[in-house]
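Below is one structure; the comments refer to it alone.
Number of protein chains: 2
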Amino acid sequence: MIITFVTTNKHKFREVKGILKDFPFELEQLDMEYEENHDSEIEDIAGSAARKLAKELKKPIIVEDTGLFFEAYDGFPGALPKFIFKALGYKGILKLLEDEGRGAYFKTIVAYCEPGKEPVLFEGIMKGAITKEVYNLEKDEMPYDKIFVPESKTKTISDMSLEEKNSLSQRAEAFLKFGKYILAKQR
Amino acid sequence: MIITFVTTNKHKFREVKGILKDFPFELEQLDMEYEENHDSEIEDIAGSAARKLAKELKKPIIVEDTGLFFEAYDGFPGALPKFIFKALGYKGILKLLEDEGRGAYFKTIVAYCEPGKEPVLFEGIMKGAITKEVYNLEKDEMPYDKIFVPESKTKTISDMSLEEKNSLSQRAEAFLKFGKYILAKQR
């Protein structure tokens, strides 16, 4: 069985390929842009994109959407972490959290859809907190990884090996749930 | 000539009807939702919506999109003023601007499109500054109107009559440009 992961992000595809390497199905990347309504919840963004793409492409599709949520602000930055980082930078983000609770979580939704069917969603969550300074500023990594310390850890994501990150990450959690679902279907 | 303004916002439709009352064409409201990709610039949001709607509805269409831009933060809140206000509230917004330049501007784009043609865009800008406190908190008005003082004025939009607001507003500017364009076409 071949499942098509629609994403323009090669790094993400490689990461997910690693997460799912022990599952007996093949994952292929389709490097294609699709419309996302970022006003919506990430569940709706991923679900409606998967439904549309499966119909258009006439094959089983997965898409993924990840949001970040600060406890101090309702639904922020939500489905728009990239836009918000570009606009506010570390300066603005750390300013917003001054004297506020620093709790935060990442949420990933993987949406799987077969043509003509309803999408099935798989969720992963990683709780943690936003640091007061930026770690590893010089590294070429996701910006929030440099200010996010997962629960029960004492270092930021950017200080972790890929293996350590995958053992914790909400993305790995969501994709492993998806993998097990496909496995159960195949039996 | 009848031009259809696609908006779900009755108040906005009434405001625009007032702005264009002296022009010799009829404006009708079509209360219909359409997709907006809020990641984009407001020019693209309005232009591509107008193109799509004119094609679908087979008649001349206008749509409007308004963004707000703080000088201290690049493209923020941009095309997403509602989302940002809902998430951050006055507390977060004023916090972001502490010890920063308080300059800001509203930009409205009106996009006019006839079926099968390219959209024509009309821009209005109102420069000003964000106050340090919230005025007229109790009034049922647009949230940013309570913290925005237009250039060369000493009070917030929320302290102005509708006439005074229309004499300044970027929305009136953009719609008047649009009205003059239609007038010139009709001659």
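Taken in order, these protein sequences are the chains called V and S.
Under the numbering used here, residues -8 to 178 are what the first sequence spells out, in order.
Under the numbering used here, residues -8 to 178 are what the second sequence spells out, in order.
For glycine and all other residues, C-beta sits at the position ideal for the given N, C-alpha and C.
Since this is a predicted model, take the numbers as computed values, not measurements.
Just checking: is the beta-carbon of Lys123(S) within a distance shorter than 8 Å of some beta-carbon in chain V? Not an interface residue.
Out of Lys144(V), Pro110(V), Ala95(V), which has the shortest C-alpha to C-alpha gap to Asp35(V)? Of the candidates Lys144(V), Pro110(V), Ala95(V), the one whose C-alpha sits nearest the C-alpha of Asp35(V) is Pro110(V).
Run through the DSSP bridge pairs and tell me what Pro106(V) is partnered with. Under the DSSP definition of a beta bridge, Pro106(V) lacks any partner.
By the 10 Å Cβ neighbour count, where 16 or more other Cβ atoms means buried, how is Thr(-2)(S) classified, buried or exposed? Buried, by the Cβ-count rule.
By how many angstroms is the C-alpha of Asp90(V) removed from the C-alpha of Phe139(V)? One C-alpha to the other measures close to 17 Å.
On the criterion of 16 or more Cβ atoms from any shown chain inside 10 Å, does Lys201(V) qualify as buried, or is it exposed? No statement about residue 201(V) is possible, as the shown extent of chain V runs from -8 to 178 and does not include it.
Counted within 10 angstroms of its Cβ, other Cβ atoms place Pro72(V) as buried (16 or more) or exposed: Under this definition Pro72(V) is a buried residue.
Rounded separation between Glu62(V) and Lys137(S) - CA only: Each residue's Cα considered, the two are about 26 Å apart.
For chain S, is any of its Cβ atoms less than 8 Å away from the one on Lys77(V)? Yes, contact with chain S.
Against chain A: residues of the region 1 to 27 of chain V by CB proximity under 8 Å: No chain A appears in this structure, whose protein chains are V and S.
In the region 89 to 120 of chain S, which residues sit with their C-beta less than 8 Å from some C-beta in chain V, listed in chain order? Within the region 89 to 120 of chain S, the residues whose Cβ lies closer than 8 Å to some Cβ of chain V are Glu89, listed in chain order.
Just reading off the beta strand (DSSP E) that Ile138(S) is part of, what are its end residues? Note, Ile138(S): premise wrong, no beta strand (DSSP E); not H, not E.
Give every residue of the same chain whose Cβ lies closer than 6 Å to the Cβ of Lys3(S), excluding the five residues on either side of it in the sequence, and list them in chain order. Within its own chain, no residue has a Cβ closer than 6 Å to the Cβ of Lys3(S) once the five positions on either side in sequence are excluded.
Given a cut-off of 8 Å, decide if Leu11(V) and Leu18(V) are closer than it, judged by their beta-carbon atoms. Taking C-beta atoms as the reference points, Leu18(V) and Leu11(V) count as a pair closer than 8 Å.
Please report how far the alpha carbon of Val54(V) lies from the alpha carbon of Lys156(V), in whole angstroms. Distance between the alpha carbons of Val54(V) and Lys156(V) is about 21 Å.
Residues that Gly66(V) contacts on chain S, provided the C-beta gap is smaller than 9 Å: Here the neighbours are Phe74, Lys77, Ala78.
In chain S, which residues lie with their C-beta within 8 Å of the C-beta of Asp56(V)? Within 8 Å Cβ-Cβ: nothing; Asp56(V) doesn't reach chain S, min ~13 Å.
Counting only Cβ pairs nearer than 9 Å, list the residues of chain S close to Asp30(V). Chain S residues near Asp30(V): Glu27, His29, Leu71, Lys73, Phe74.
Can you tell which of Tyr96(V), Tyr103(V), Gly115(V), Lys168(V) has the C-alpha that lies nearest to the C-alpha of Thr122(V)? Each of Tyr96(V), Tyr103(V), Gly115(V), Lys168(V) was checked against the Cα of Thr122(V), and the nearest Cα belongs to Tyr96(V).
Cutoff 6 Å; reference Gly58(V); Cβ partners in own chain excluding five residues on either side: Contacts found: Ile33, Gly69, Ala70, Lys98.
Can you pull out the residues from the region 139 to 151 of chain S whose beta carbon lies closer than 9 Å to at least one beta carbon of chain V? Against chain V - using a Cβ distance shorter than 9 Å - the region 139 to 151 of chain S contributes no residues.
Pick out the complete alpha helix (DSSP H) segments inside the region 28 to 83 of chain S, 4 residues or longer, and give them in chain order. Listed in chain order, the alpha helix (DSSP H) elements of length 4 or more contained wholly in the region 28 to 83 of chain S are 33 to 48.
What is the DSSP secondary structure of Gly92(V), counted as helix, strand or coil? In this structure, DSSP gives Gly92(V) a state outside helix and strand, which the three-state scheme calls coil.
Less than 8 Å between the beta carbons of Ala40(V) and Glu27(V), yes or no? In terms of Cβ geometry, Ala40(V) and Glu27(V) form a close pair [threshold 8 Å].
Give the interface partners of Lys46(V) over in chain S, defined as CB-CB distance under 9 Å, in chain order. The CB of Lys46(V) never comes closer than 9 Å to any CB in chain S; the least such distance is about 17 Å.
Opposite Ile116(S) in the DSSP bridges: which residues? In the DSSP output, where bridge partners are listed per residue, Ile116(S) has Lys98(S).
Could you tell me whether the Cβ of Leu153(S) comes closer than 8 Å to any Cβ of chain V? Answer no: the Cβ-Cβ gap between Leu153(S) and chain V never drops below 8 Å.
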